[in-house]
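Chemist: Residue numbers (the numbering used here): 4 to 466.
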Amino acid sequence: MTNSEKITQKMEAVCLQILRDSRSELYLNMRYLDLALSGLRFSISTQIEGIGTDGEYLVAHPGVLADLFQKDRHLVNRVYLHIVLHCLMRHLFKKPGRDGLLWRISCDIAVESIIDSMHSRAVWMGISRLRNNVYDDLRRERKVLTAEGIYRTLERKAAEGKLTAEDVRRMQDDFCIDDHSLWPHPEDGREKKKPEPPMAILKNKWDDLSEKTQTQMETFAKDASHGGEQLLDDLKVENRERYDYRAFLRKFAVMREEMQVDPDSFDYVFYTYGLSMYGNMPLIEPQEYREVKKIEEFVVVIDVSMSTSGQLVRTFLEQTCSVLTESESYLKKVNIRIIQCDEQIRDDVRITNRRELEEYMNHFTLHGGGGTDFRPAFAYVEKLIENRQFYNLKGMIYFTDGRGIYPSRRPGWETAFVFMQEDYEDVHVPAWAIRLVLPREDLEDSEPSLRTDRHFIWKEEPE
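1) Smallest Cα separation from Val432: which of Phe420, Leu91, Thr368?
2) If you check the beta carbons only, do Glu241 and Phe178 fall under 7 Å apart?
3) May I ask you to list the residues that DSSP assigns as paired with Asn338?
4) Using the C-alpha atoms, what's the distance from Leu141 back to Thr156?
5) Tell me which residue opens and which closes the alpha helix (DSSP H) that Ala380 is part of.
6) Are the CB atoms of Asp181 and Ile86 nearer to each other than 7 Å?
7) Rounded to whole angstroms, what is the Cα-Cα separation between Asn136 and Asp75?
8) Do Leu40 and Leu22 come within 7 Å of each other at the CB atom, strictly closer than that value?
9) Following the continuous alpha helix (DSSP H) through Ala168, name the residue where it begins and the one where it ends.
10) Give the DSSP-derived three-state secondary structure of Asp182 in the structure shown.
11) Check whether the region 121 to 136 touches the region 100 to 108, counting contact only when three or more Cβ pairs, one atom from each stretch, lie closer than 8 Å.
12) Just checking, does the region 11 to 26 make contact with the region 41 to 58 on the three C-beta pairs under 8 Å criterion?
13) Does the beta-carbon distance from Val147 to Asp236 come in below 7 Å?
14) Can you list, in chain order, the residues of its chain with a C-beta nearer than 7 Å to that of Met128? Leave out the 5 residues immediately preceding and following it.
15) Can you tell me the Cα-Cα spacing of Asp170 and Glu346, whole angstroms?
16) In the DSSP assignment, find the alpha helix (DSSP H) that holds Thr156 and state where it starts and stops.
17) Can you tell me whether Gln343 is helix, strand or coil according to DSSP?
18) Is it the case that the Cβ atoms of Met399 and Val302 are separated by a distance below 7 Å?
19) What are the start and end residues of the alpha helix (DSSP H) that includes Ser27?
20) Suppose the cutoff is 6 Å on Cβ atoms and the five residues either side in sequence are ignored; what does the same chain contact list for Gly407 look like?
21) Do you know how far the Cα of Val307 is from the Cα of Thr403?
22) Less than 6 Å between C-beta atoms, sequence neighbours within five positions excluded: which residues of the same chain meet that for Phe381?
23) What does a CB cutoff of less than 8 Å around Phe367 pick up in its chain, not counting 5 residues either side in sequence?
24) Considering only the alpha carbon of each residue, which of Gly372, Gly371, Glu361, Gln392 lies closest to Arg340?
25) Considering only heavy atoms of the ligand ATP, does any lie closer than 6 Å to the CB of Ser41?
26) Across which residues does DSSP place Ser46 in a beta bridge pair?
27) Does the Cβ of Pro201 have 16 or more other Cβ atoms within 10 Å, making it buried, or fewer, making it exposed?
28) Can you give the Cα-Cα distance for Cys110 and Lys13, rounded to whole angstroms?
29) Roughly how many angstroms lie between the CA atoms of Asn207 and Val384, to the nearest whole one?
30) Grouping DSSP H, G and I as helix and E and B as strand, with all else coil, what is Glu52?
31) DSSP puts Phe402 in a beta bridge; with which residues?
32) Between the Cα of Gly231 and the Cα atoms of Leu88, Ile108, Ser27, Ala434, which residue gives the shortest distance?
33) Beta carbon of Ser123, beta carbon of Asn6: below 7 Å?
34) In the DSSP assignment, find the alpha helix (DSSP H) that holds Asp236 and state where it starts and stops.
35) Would you identify the three-state DSSP class for Val147, choosing helix, strand or coil?
36) Excluding the 5 residues flanking Pro65 on each side, which residues of the same chain have their C-beta closer than 6 Å to its C-beta?
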């Protein structure tokens, strides 16, 4: 072994020891992160320009790590925790925004805000004036600083001319302390410097570690309360149960016979036997009717109070209607009521077919702007049932921000309150209702999904 190889080997050993010591110090100060801190293996490599991760390894350039340690070992702790938080929030596996630089800065601001809120001796460094200004500005709009929420704010400010290129450069210098080049998703067309591990396996691994970390923090609340409150809030946002929106709407379906061939009840043996025995005379033919589950009756209520954004309402309704017009879940004749309500009923439209639904969306306007009271909508639907406007109402979707007066008793149909909120916020709904949180990015996806804080069971019609 040459002297150069010996020096390289010794340098690598020193760097690995620095990372192990950093992990131990972080663990002693944040025991609720023990699983996450051990979730990355170490690799020392000159193929990376700084310190980063691919979700499997924490990869460090030996020169960069040594310089950082010489300045202050707390800087090493901070980078280590910064990278682990990226993994816990699954920033590596999320679809980046249109502006790759703003997305990376948003991810770094999100995790740095968590670290700055911890006040732990292991990672504490002074907070610059720029950071304080950025945090204050973001928290005027958002309760929880998620990467997606921060990105939307920065993107909007850039479009409005309130965020200059110099502002972006200064934020990048202050917040971006790790190397994102190994992240599994492509960024700005740059080539990977290291072959990526299987993304699905890594994502499942960090999904599991994130949920376990949240459970530990909630179980040992006393330990987590010393600076971990913001981290717990962020984990609650990231770890909410996701539920497919199309599957959710199909829970309003009922069993009906539809005129179409039923291949499940068709026996090819008798069919081909008859053809072979009697020429062109099959012994059995396919049934012309088939039992299917189709959406027939339900109610969509739109909260049109002052606190509800008109654009969010339109986006929600467009996505809901796109699901309803799918041929596999929609009957030719339906009975759907779209009701607008604040503290009183403002509009009620009956939809009986696809053409009427499309016409409604083409001329959709919001009516209202008062306070929020959910009771009038429930009383109105009860009156519709009494007047035989509904015969088999399966349920109601109530789109709202959640700040209003709920009915004191359970209605005779299933009810789901759907909230589209940018940030996590506890909104208490009655025990008989389903509470679903629908983030903006889920609506904009081609296959939207709902996030829910609990599992739920719908009463299904007997097969």
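We put the CB at the ideal spot given by N, CA and C, even for glycine. None of these values were measured; they are calculated from a predicted model.
Modeler: According to the structure data:
1) Of the listed residues, the one whose Cα sits closest to Val432 is Phe420.
2) Contact flag unset, no.
3) Beta-bridge pairing links Asn338 to Glu300.
4) If I take the Cα positions, the gap works out to 8 Å.
5) DSSP places Ala380 in the uninterrupted alpha helix (DSSP H) bounded by 378 to 389.
6) Yes, the Cβ-Cβ distance between Asp181 and Ile86 is below 7 Å.
7) Roughly 25 Å between the two C-alpha positions.
8) No; because the gap between Cβ atoms is not below 7 Å, this pair is not in contact.
9) Its alpha helix (DSSP H) spans residues 168 to 178.
10) Asp182 sits in a strand when the DSSP states are folded into three classes.
11) Cβ pair count under 8 Å is below three, so no.
12) Cβ pair count under 8 Å is three or more, so yes.
13) In terms of Cβ geometry, Val147 and Asp236 form a close pair [threshold 7 Å].
14) Exclusion of the five residues before and after Met128 leaves His77, Arg81 as the residues of its chain whose Cβ lies within less than 7 Å of its Cβ.
15) Spanning the alpha carbons of Asp170 and Glu346 requires a straight line of approximately 44 Å.
16) Note, Thr156: alpha helix (DSSP H), 150 to 162.
17) Residue state for Gln343 is assigned as strand, using DSSP reduced to three classes.
18) A distance below 7 Å separates the beta carbons of Met399 and Val302.
19) Following the DSSP letters along the chain, one finds Ser27 inside the alpha helix (DSSP H) bounded by residues 6 to 32.
20) Residues of the same chain with a CB within less than 6 Å of the CB of Gly407, apart from the 5 flanking positions on each side, are Thr375, Asp376, Phe377 in chain order.
21) One C-alpha to the other measures close to 8 Å.
22) Cβ within range, chain order: Pro410, Pro414.
23) Beyond the five residues adjoining it in sequence on each side, Phe367 comes within less than 8 Å, by CB distance, of Arg317, Leu320 in the same chain, given in chain order.
24) Taking only the C-alpha atoms, the option nearest Arg340 is Gln392.
25) Only the bare structure without any ligand can be found here, which leaves the ligand ATP out of the picture.
26) In the DSSP output, where bridge partners are listed per residue, Ser46 has Val62.
27) Pro201 should be labelled exposed.
28) Cys110 and Lys13: Cα-Cα distance of roughly 34 Å.
29) Those two C-alpha atoms are separated by around 43 Å.
30) Here Glu52 sits in coil by DSSP.
31) In the DSSP output, where bridge partners are listed per residue, Phe402 has Ile305, Val421.
32) Of the candidates Leu88, Ile108, Ser27, Ala434, Leu88 places its Cα closest to the Cα of Gly231.
33) For the 7 Å CB-CB criterion, Ser123 and Asn6 do not form a contact.
34) From DSSP, the alpha helix (DSSP H) with Asp236 extends over 232 to 241.
35) Here DSSP, grouped into helix, strand and coil, assigns Val147 to coil.
36) Beyond the five residues adjoining it in sequence on each side, Pro65 comes within less than 6 Å, by CB distance, of Met14, Cys18, Ile47 in the same chain, given in chain order.
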